[in-house]
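Asks:
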Amino acid sequence: MRSSSVKAAVVLALMALTFLVNVFGFGALDILPVTEMRFGIDIRGGISAVIYPGESLDGSEVTVADLMAAKAKLDKRLEGKGIYDKNVYVDGANGRILLEIPHKPGETDKDPQRTLDEIGRTALLTFQEVDEDDYRLDPITGERLYNPTGIVVLNGSNVREAQAQLNMSTNRMVVGLELDAEGTARFAEATARLIGKPIAIFMDDEFISAPIVNSAINEGRAQIEMGRSNSSAANREAQNLASTIRAGSLPFNLEVRQVSSISPLLGEGALKVTVMAGLVAFAVIFAFMLIAYRLPGFIAMATLALLIGLDLLVMCALHLSMTLPGIAGVILTIGMGIDANIIIFCRIKEEFGEGRSLKASIDMGFKNAFASILDSN
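Going by the working numbering, the first residue of the sequence shown is number 348, and it counts up by one from there.
#1: To which residues of the same chain is Ala707 closer than 8 Å at the C-beta, ignoring the five residues directly before and after it?
#2: According to the neighbour-count rule (16 or more other Cβ atoms, all chains shown, within 10 Å of its Cβ), is Ser608 buried or exposed?
#3: Check the C-beta distance from Asn505 over to Gly530 and give it rounded, since I have them as a contact under 8 Å.
#4: If Ile695 sits next to Gly712, beta carbons under 8 Å apart, how far is it from one beta carbon to the other, in whole angstroms?
#5: Let me know the alpha helix (DSSP H) ranges lying completely inside the segment 348-403, each 4 residues or longer, listed in chain order.
#6: For Asp527, which residues of its own chain have a beta-carbon under 6 Å away from its beta-carbon, when the five flanking residues on both sides are left out?
#7: Alpha carbons only, please: which of Glu525, Val622 and Asp432 is nearest the one belonging to Glu566?
#8: Return the bridge partner residues of Pro545 from the DSSP annotation.
#9: Can you list, in chain order, the residues of its chain with a C-beta nearer than 8 Å to that of Leu654? Leave out the 5 residues immediately preceding and following it.
#10: Identify, in the order they occur along the chain, each residue of the same chain with its Cβ nearer than 8 Å to the Cβ of Met669, setting aside the five sequence neighbours on each side.
#11: I want to know whether the segment 483-500 touches the segment 514-523 - three or more CB-CB distances under 8 Å.
#12: Can at least three beta-carbon pairs, one atom from the segment 434-450 and one from the segment 629-646, be found at a separation below 8 Å?
#13: Which stretch, first to last residue, makes up the alpha helix (DSSP H) that contains Asp710?
#14: Using the Cα positions of Leu484 and Phe554, report the straight-line distance between them to the nearest angstrom.
#15: Once the 5 residues before and after Glu454 are set aside, which same chain residues still bring their CB inside 6 Å of it?
#16: Within 10 angstroms of the Cβ of Asp413, are there 16 or more other Cβ atoms? Answer buried if so, exposed if not.
#17: Helix or strand or just coil, what does DSSP make of Asn688?
#18: Distance, Cα to Cα, Gly503 vs Val381?
#19: I need the DSSP call for Asn502, collapsed to helix, strand or coil.
#20: Quick one: is Asp432 buried, meaning 16 or more other Cβ sit within 10 Å of its Cβ, or exposed?
#21: Anyone know if the C-beta pair for Met415 and Ser590 falls short of 8 Å?
#22: From this set, Gly656, Asp710, Leu637 and Ser723, which residue's C-alpha is nearest Val370's C-alpha?
#23: Could you check the C-alpha separation between Arg666 and Ser351 for me, to the nearest Å?
#24: Can you list, in chain order, the residues of its chain whose CB lies under 7 Å from that of Leu637, leaving out five sequence neighbours each side?
#25: Between which two residues does the alpha helix (DSSP H) harbouring Leu601 extend?
#26: In whole angstroms, give me the CA-to-CA distance for Asp552 and Leu425.
#27: Judging by CA-CA distance, which residue of Asn561, Phe474, Arg703 and Ile378 is the nearest neighbour of Lys544?
#28: How would you write the range of the beta strand (DSSP E) that Glu525 sits in, first residue to last?
#29: Tell me the residue span of the beta strand (DSSP E) that contains Thr473.
#30: For Gly372, tell me which candidate among Pro672, Leu659, Ala630 and Ser704 has the shortest Cα-Cα distance.
#31: How about Ile430 and Leu601: are their beta carbons less than 8 Å apart?
#32: Measuring straight from C-alpha to C-alpha, what distance separates Asp458 and Val411?
#33: Is Leu492 helix, strand or coil when you go by DSSP?
#34: Which one or two residues does DSSP pair with Met550 in a beta bridge?
#35: Please list, in chain order, all residues of the same chain as Arg568 whose beta carbon is under 8 Å from its beta carbon, the five residues on each side excluded.
#36: Does DSSP put Leu665 in a helix, in a strand, or in coil?
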């Protein structure tokens with residue numbers, strides 16, 4: 348009995364905490380309240396722009412590979428600003444990049460050029476010495492995220508090439524770097540002096556990675572080893588990091604042209620109607636479950652409310668954008684959650700009707716319903 352009471356108290360506390368954070372946010376962890384969450388282009392509208400490469404510094408022609416590297420740079424900068432609901436395409440035939448991003452929450456400035464001027468500035472890639480006592484921890488991975496010191500070992504212009512590769516001896520993905528003559532000399536001096544210490548890579552002041560120096564590197568080639576063994580995820584991480592490094596050493600600027608505002612496809616008025624319809628549907632389902640199943644129905648709806656609250660909490664914590672498909676996903680969550688509970692309750696009734704005790708009926712009901720729920724999901 349005491350164990351059940353403790354579990355119930357924990358669930359109630361979790362529900363209360365989820366509700367409070369959704370309503371008021373949690374500034375210490377940069378979690379926004381639901382009222383300030385970011386909405387997608389289809390709801391709030393946004394900015395559309397066509398981006399062209401500027402004149403190359405060495406007079407060479409800009410290739411599609413260069414444009415792909417520039418796209419990686421834009422992706423990184425946008426995600427650093429919490430903009431994940433974005434559309435960035437490379438139009439290789441016309442030598443340009445097409446960009447669409449949503450308006451920021453509470454944005455009153457409707458001059459899209461000012462937003463794009465901030466995003467479109469050429470980023471500076473630097474390899475810097477670090478202060479090993481000056482860092483913050485990644486809340487998810489626990490990785491040390493060093494702060495820039497301004498002590499630059501070399502910058503993106505010293506990197507001739509960056510490619511994702513598989514190190515056959517360790518079976519790990521790495522990013523292979525090829526440096527120019529100046530970069531080779533500077534990197535050799537730094538790595539000889541910093542053996543056993545990290546050298547951090549920054550895009551502007553945004554931390555990218557901090558590989559440890561294992562030995563002095565004199566031949567102008569280096570490897571950044573990824574943190575996991577050969578896998579599709581490690582391959583993607585290596586490809587993204589290589590593209591980011593190439594983007595930081597691009598020999599051209601990006602010129603933003605043909606800027607315009609995008610009207611919302613759904614609109615905030617329709618969003619309010621959709622939210623109200625969702626609340627009404629939840630209330631109707633709540634009444635049905637309460638009448639049909641009484642206390643179990645109430646418990647089912649309470650846990651469903653917790654599930655929806657956690658969904659919204661994750662979106663606010665990660666600064667993800669709520670879009671029309673996202674709203675449909677939340678509604679689908681309600682339907683699938685109720686469907687699972689009805690299957691469980693029906694199985695419990697069947698088991699109880701066969702003469703088993705209530706506890707045994709509940710245990711068997713959950714166990715026998717699992718296959719059907721897994722199959723439907």
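The beta carbon of each residue, even a glycine, is placed where N, CA and C say it ideally should be.
Replies: In short:
#1: Along the sequence shown, read from residue 1 onward, the residue named residue 707 stands at position 360. Excluding sequence neighbours, Ala707 sits near Glu698.
#2: Position 261 of the sequence shown, counted from the start, is the residue given in the question as residue 608. It counts as exposed.
#3: Numbered from its first residue, the sequence shown carries residue 505 at position 158. Numbered from its first residue, the sequence shown carries residue 530 at position 183. Yes, they are in contact, since the Cβ atoms of Asn505 and Gly530 sit about 3 Å apart, within 8 Å.
#4: Sequence index remark: in the sequence shown, residue 695 carries index 348 (1-based). Sequence index remark: in the sequence shown, residue 712 carries index 365 (1-based). Indeed they touch by this definition, with Cβ atoms about 3 Å apart.
#5: 349-371 and 388-391
#6: On the sequence shown, residue 527 is found 180 positions in, with the first residue counted as 1. So the qualifying residues of the chain are Asn505 and Arg507.
#7: Here residue 566 corresponds to residue number 219 of the sequence shown, with the count starting at 1. Closest by alpha carbon: Glu525.
#8: By one-based count along the sequence shown, residue 545 stands at place 198. Partner(s): Ile559.
#9: The sequence position of residue 654 within the sequence shown is 307, counting from 1. If we look at Leu654 and ignore the five residues flanking it on each side, its Cβ neighbours are Thr680 and Gly684.
#10: On the sequence shown, residue 669 is found 322 positions in, with the first residue counted as 1. Within the same chain, Met669 has close Cβ partners Met384, Arg385, Phe386, Gly387, Ile390 and Met662.
#11: no
#12: no
#13: Here residue 710 corresponds to residue number 363 of the sequence shown, with the count starting at 1. Leu705 to Ser723 is the span of the alpha helix (DSSP H), which, as asked, contains Asp710.
#14: Along the sequence shown, read from residue 1 onward, the residue named residue 484 stands at position 137. Along the sequence shown, read from residue 1 onward, the residue named residue 554 stands at position 207. For Leu484 and Phe554, the distance between alpha carbons rounds to 12 Å.
#15: Looking up residue 454 in the sequence shown gives position 107. With a pLDDT of 49 at Glu454, under the threshold of 50, the predicted position of this residue should be treated as unreliable, though the coordinate-derived value follows. There are no such residues.
#16: For the purposes of this step, residue 413 is taken as the residue at position 66 of the sequence shown. Buried: at least 16 other Cβ atoms inside 10 Å.
#17: Locating residue 688 in the sequence shown gives position 341, where the first residue counts as 1. If DSSP states are grouped into helix, strand and coil, Asn688 belongs with the helices.
#18: For the purposes of this step, residue 503 is identified with residue 156 of the sequence shown, where counting begins at 1. For the purposes of this step, residue 381 is identified with residue 34 of the sequence shown, where counting begins at 1. Straight-line Cα distance between these residues: approximately 39 Å.
#19: To locate residue 502, count along the sequence shown from 1; it is residue 155. DSSP places Asn502 in strand when its eight states are reduced to three.
#20: Residue 432 sits at position 85 when you count from the first residue of the sequence shown. Buried: at least 16 other Cβ atoms inside 10 Å.
#21: Within the sequence shown, numbered from 1, the residue matching residue 415 stands at position 68. Within the sequence shown, numbered from 1, the residue matching residue 590 stands at position 243. Taking 8 Å as the Cβ cut-off, Met415 and Ser590 qualify as a contacting pair.
#22: Your numbering for residue 370 matches position 23 in the sequence shown. Val370 has its Cα closest to that of Gly656, out of Gly656, Asp710, Leu637 and Ser723.
#23: Locating residue 666 in the sequence shown gives position 319, counting from the first residue. Locating residue 351 in the sequence shown gives position 4, counting from the first residue. As written in the sequence, residue 666 is His, which differs from the Arg given in the question. Roughly 36 Å separates the two Cα atoms.
#24: The sequence position of residue 637 within the sequence shown is 290, counting from 1. The residues are Gly644 and Phe645.
#25: Residue numbering aside, residue 601 sits at position 254 when the sequence shown is read from its first letter. Note, Leu601: premise wrong, no alpha helix (DSSP H); beta strand (DSSP E) at Leu601 to Ile609.
#26: Counted from its first residue, the sequence shown places residue 552 at position 205. Counted from its first residue, the sequence shown places residue 425 at position 78. Between Asp552 and Leu425, the C-alpha separation is close to 14 Å.
#27: As a position in the sequence shown, residue 544 is number 197, starting the count at 1. Among Asn561, Phe474, Arg703 and Ile378, the Cα nearest to that of Lys544 is on Asn561.
#28: Reading the sequence shown from its first residue, position 178 is the one you call residue 525. Residues Arg519 to Leu526.
#29: Here residue 473 refers to the residue found at position 126 of the sequence shown. Looking at the DSSP string, the run of the beta strand (DSSP E) that includes Thr473 is Leu472 to Glu476.
#30: Position 25 of the sequence shown, counted from the first residue, corresponds to residue 372. Of the candidates Pro672, Leu659, Ala630 and Ser704, the one whose C-alpha sits nearest the C-alpha of Gly372 is Leu659.
#31: By 1-based counting over the sequence shown, the position of residue 430 is 83. By 1-based counting over the sequence shown, the position of residue 601 is 254. Taking 8 Å as the Cβ cut-off, Ile430 and Leu601 do not qualify as a contacting pair.
#32: Numbered from its first residue, the sequence shown carries residue 458 at position 111. Numbered from its first residue, the sequence shown carries residue 411 at position 64. Note that Asp458 has pLDDT 49, beneath the 50 cutoff, so the model's placement of it is unreliable and the number below is only indicative. Using only the alpha carbons, I get a separation of about 30 Å.
#33: In the sequence shown, counting from the first residue as 1, residue 492 sits at position 145. Reduced to three states, the DSSP call for Leu492 is strand.
#34: The residue given as residue 550 occupies position 203 in the sequence shown. BP columns for Met550 point to Leu472 and Glu553.
#35: For the purposes of this step, residue 568 is taken as residue 221 along the sequence shown, with counting starting at 1. Within the same chain, Arg568 has close Cβ partners Gly523, Leu524, Glu525 and Leu526.
#36: Here residue 665 refers to the residue found at position 318 when the sequence shown is read from its first residue. It is coil, neither helix nor strand.
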